[in-house]
Amino acid sequence: MSARRPDPLAEYNRKRDFARTSEPAGQRAKQAQGNRFIVQKHAATRLHWDFRLEMDGVLKSWAVTKGPSSDPDDKRLAVRTEDHPLAYAEFEGRIPKGEYGGGTVMLWDQGTWAPIPGKSADDLEHGHLHFTLHGERMKGEWLLVRMKGRPGEKRENWLLRKIDDDDAGQGDLLIEQNLTSMLTGRSMAEIEADKAGTQALAGKRGKAFDEAMAKAARHNAHAAAPRRKPARKGAPPPKFRALQLATLVDAVPSGNQWIHEIKFDGYRALIAASGDKVRVYTRSGQDWTDKFGPLAAAVAALDLPPCLIDGEIIARGSEGNPDFSSLQAVLKRGHGSQGSDDALEFHAFDLLEIDGEDCTAQGQIARKERLEALLRDAAPPIFVADHVIGAGERLYAAMCAAGQEGIIAKRVDAAYSGRRSTNWVKVKCTRRQEFVIVGWTRSRAKGRPFSSLLLGQYEGKTLVYRGKVGTGFDGDTLADLAARLNKLERKTPPVTVDRADARGVTWVSPRLVAEIAFAELTAEGRVRHGSFLGLRGDKKASAVSEEKAAPVPDAAVNVAISNRDRVIFPESGGTKGDLADYYAQIAPLMLPFAAARPVSLVRCPQGRAKQCFFQKHDSGSFGKHVRHVAIAEKDGGAEDYLYLTDAAGLLDCVQMGTIEFHGWGSRADDVELPDRMIFDLDPDEGLDFAQVRKAAGDIRQRLADIGLVSFAMLSGGKGVHIVVPLRRGHDWNTHKDFARRFAEAMSLAEPDRFVATMSKAKRKGRIFIDWLRNQRGATAVLPYSARARAGAPVAVPIGWDELDTMAGAHPYSIADGKELIRRAEALRGWGFAEQELPAI
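Everything in the sequence shown is counted per the working numbering, starting at 21 for the first residue and increasing by one.
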């Protein structure tokens, strides 16, 4: 009786719970079916590309950590993984978190493979395979070679390399230029946004739409101006710049003008990235890339445009909390690689620069939203730090109860100043500060090199004595500190100290900075009940001074609203005061879209049922928080247009009778460069909202087919806005022409559903795709703006998965501010994407 062949898919099936994941169950094909190969881009614990070859009825698989390269000089690590079933060749979607390989999967390439003449698939068993690929992206000759294993190594490490032939290239163009799915045309962000997490088998964009786009292009009355392309790939990472620092305060700031984040117990770091070029800087500008190599590699794998990201590097202690002592231990050992017990993490919380654009003048909340969009594909160990709007007291209580250091509060509308200010404040659960080590005392205990450390802090340029610390040291720390201190010994004290405290002290030059937890500073300025936490190699001794808690700064929006009881929404009884309170409450969500953008206002001084009018020029009647920018008009002159930068500007407008805010598709700092495209779906009166929902989804798919991520917004009226954020670099002619051609293509492809002209006669039974908002000077209602309509509805951003559940375009009103803030937690990064207008 012959022995039963082992199941090659047993390991695949063992690792997966098919009740939770939509991956296909592992069944080996009964006979060889072909010679397919596929590559799946996989954002799991770390972004990688899964390379799979069909052999013996299964897919032999390798995880290529940096993705395949067509450059023969690039040998890419390929880690052998378990065999996969042939059905996996068409899998694309989301694997649930907590499942093996949890994350987003894209079908990145597909085709056929064959051993080169004279070789065979059996060579794989001998540790090498020379083959050709006939894919849509990977082509020509390739080589897989197994690396020699190390003692105790469990995984098979191979190298994947391109052979120098006609299909070879240079650099990383293969993965840099191919960012969408071969199966559905979607980006990783779009696949991630599919909350159902199921396999997506939608077809690629159809011929009818392609032909319609081409036909619409032939209607073009003028040649589109060439696009100005910003420098991206190959550009060096941005340079270091001074960091924003927080002021210690004595209580948690209150109100919605603050966002609150965890105060991480780690090293502040500024990451400068551009593709695979990454530098990691300390708060003082030291280049510590080598110390944080695994984190730099994780950032490099994200293939980011040139950018400068502020954040904190942490290690977790035994209880899972960020722990400074654990971080020190990891740095001393020189490990910290992903997947190890002492893995480091980077928690990003601010974006200073991207693609040559300085973001520091933008408001805090706007920078955070752009950061969310930039790192949408990030996976551990790279995180975007969570925040809450208002509710800082609850977060502070939770952090203190969990033994954390405290919280950081940041003004939502503040720019990034690169210095210490009260726009960022910190509230600590325990007292801990930095001190300079000025000396040490000998220990009587055998084997202990010193008993205590003497501490100091600067007051101006004078170093002042702050007492001693004698606890918090383990054996390794004692030995390391002793070696460092021996090199710094000096004969004279660097501080003024009385005779009793100087007895038996060995003095050292004040160069080492220690972080100390303590109960209090006594009346004499001495540390009481101090405990050593670790050295701060990222801080200069000369910058160490006492932190004294200041009173909480006032971030209230001090704009006087007159006639608060005036009813401006007669149907619901909503007053001017209600509207002002709504805008004050919702400002953190609205400012990323309304701030620094020319606006037109719908003013209804006597209420929405009376005379209302648009206003876009500054007549001088608004308060000091409403600004103006000179914009050239068609006649060659210039007019001052309105814009605002903060919550006070919103309320100044409300005080003057404003209900609605409509924004340009460009920002005030360069109005000639559009950065936002809007398609307003305006249904004929006879159509129900279900048809509008379906139309929005179809337009989203068509945009995805040409590589554009889009977002949905309920207009607060009767339609839906499709919002397409864009990187600046093209002009208004190009912007308008693309929007017109896209709308016409939709109407030509499906004339029974869509129309691209304003004619009401032609709109009967159809949906008008209003593309006219995408021309210079045109505006569209801004996210979270109230509408001058019955019931005081508001325009609301919405997730694509939510849209199908909506019965109409105005489910929320100005009475729902709290609910809108709560639901915004699930909409982080809404309306932002780093993408260019495609040349179609």
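We put the beta carbon where it would ideally sit given N, CA and C, even for glycine.
In this structure residue 105 is buried. Its beta-carbon is surrounded by 16 or more other beta-carbon atoms within 10 angstroms.
Taking all protein chains shown into account, residue 142 has fewer than 16 neighbouring C-beta atoms within 10 Å of its C-beta and is therefore exposed.
In this structure, the alpha-carbon of residue 744 lies about 52 Å from that of residue 26. According to the DSSP secondary-structure assignment, residue 280 is paired through a beta bridge with 408, 429.
Take the alpha-carbon of residue 611 and the one of residue 579: they are about 17 Å apart. The beta carbon of residue 47 sits closer than 8 Å to the beta carbons of 29, 105, 107 from its chain, once the five residues preceding and following it are set aside; these are given in chain order. Residue 682 counts as buried, since at least 16 other C-beta atoms from the protein chains shown sit within 10 angstroms of its C-beta. Nearest neighbour of residue 719 by Cα position, chosen from 736, 698, 705, turns out to be 698. Assignment of residue 841 by DSSP, reduced to helix, strand and coil, places it in the helix class. Residue nearest to residue 283 within the set 122, 853, 452, 592 is 452 (criterion: CA-CA distance). Out of 801, 431, 694, the CA that lies nearest to the CA of residue 756 is found in 694. If you draw a straight line from the Cα of residue 839 to the Cα of residue 564, it comes to about 44 Å. The Cβ-Cβ distance between residue 829 and residue 706 does not fall below 8 Å.
Excluding the 5 residues flanking it on each side, residue 365 has same chain C-beta neighbours closer than 6 Å at 334, 401, in chain order. Partner residues in the beta bridge of residue 328, as assigned by DSSP, are 292, 373.
Bounds of any alpha helix (DSSP H) do not take in residue 131; it lies within the beta strand (DSSP E) bounded by 123-135.
Here DSSP, grouped into helix, strand and coil, assigns residue 33 to helix.
Nearest to residue 428 by C-alpha distance, out of 341, 327, 268, is 268.
Between residue 98 and residue 57, the C-beta spacing is not below 8 Å. Here residue 531 has 508, 561 as same chain residues with Cβ atoms under 7 Å from its own Cβ, once five neighbours each way along the sequence are excluded. Per DSSP, reduced to three states, the secondary structure at residue 267 is strand.
Beyond the five residues adjoining it in sequence on each side, residue 49 comes within less than 7 Å, by CB distance, of 77, 106 in the same chain, given in chain order. Residues 129, 130, 131, 202 of the same chain have their beta carbon placed closer than 8 Å to that of residue 156, with the five preceding and five following residues left out of the count. DSSP places residue 178 within a strand segment (E or B) once states are collapsed to three. Only buried fits residue 342, as 16 or more other CB atoms lie within 10 angstroms of its CB. Residue 634: member of the beta strand (DSSP E) spanning 633-635, first to last residue. Within the same chain, Cβ atoms closer than 6 Å to the Cβ of residue 609 are found at 804, 844, the five residues on either side in sequence being excluded. Ranked by Cα distance from residue 710, the first of 448, 847, 786, 152 is 786. If you draw a straight line from the Cα of residue 45 to the Cα of residue 33, it comes to about 7 Å. The C-beta distance from residue 472 to residue 489 rounds to 6 Å, short enough to fall under 8 Å. With respect to the C-alpha of residue 555, the residue from 502, 763, 817 having the closest C-alpha is 502.
Looking at the DSSP output, residue 62 sits in a beta bridge with 68, 125.
According to DSSP, residue pairing for residue 477 in a beta bridge involves 484. Taking a cut-off of 8 Å for Cβ pairs, the region 272-280 and the region 428-437 touch, as three or more such pairs fall below it. Beyond the five residues adjoining it in sequence on each side, residue 177 comes within less than 7 Å, by CB distance, of 97, 99, 167 in the same chain, given in chain order.
Ranking 171, 95, 194 by CA distance to the CA of residue 164 puts 95 first.
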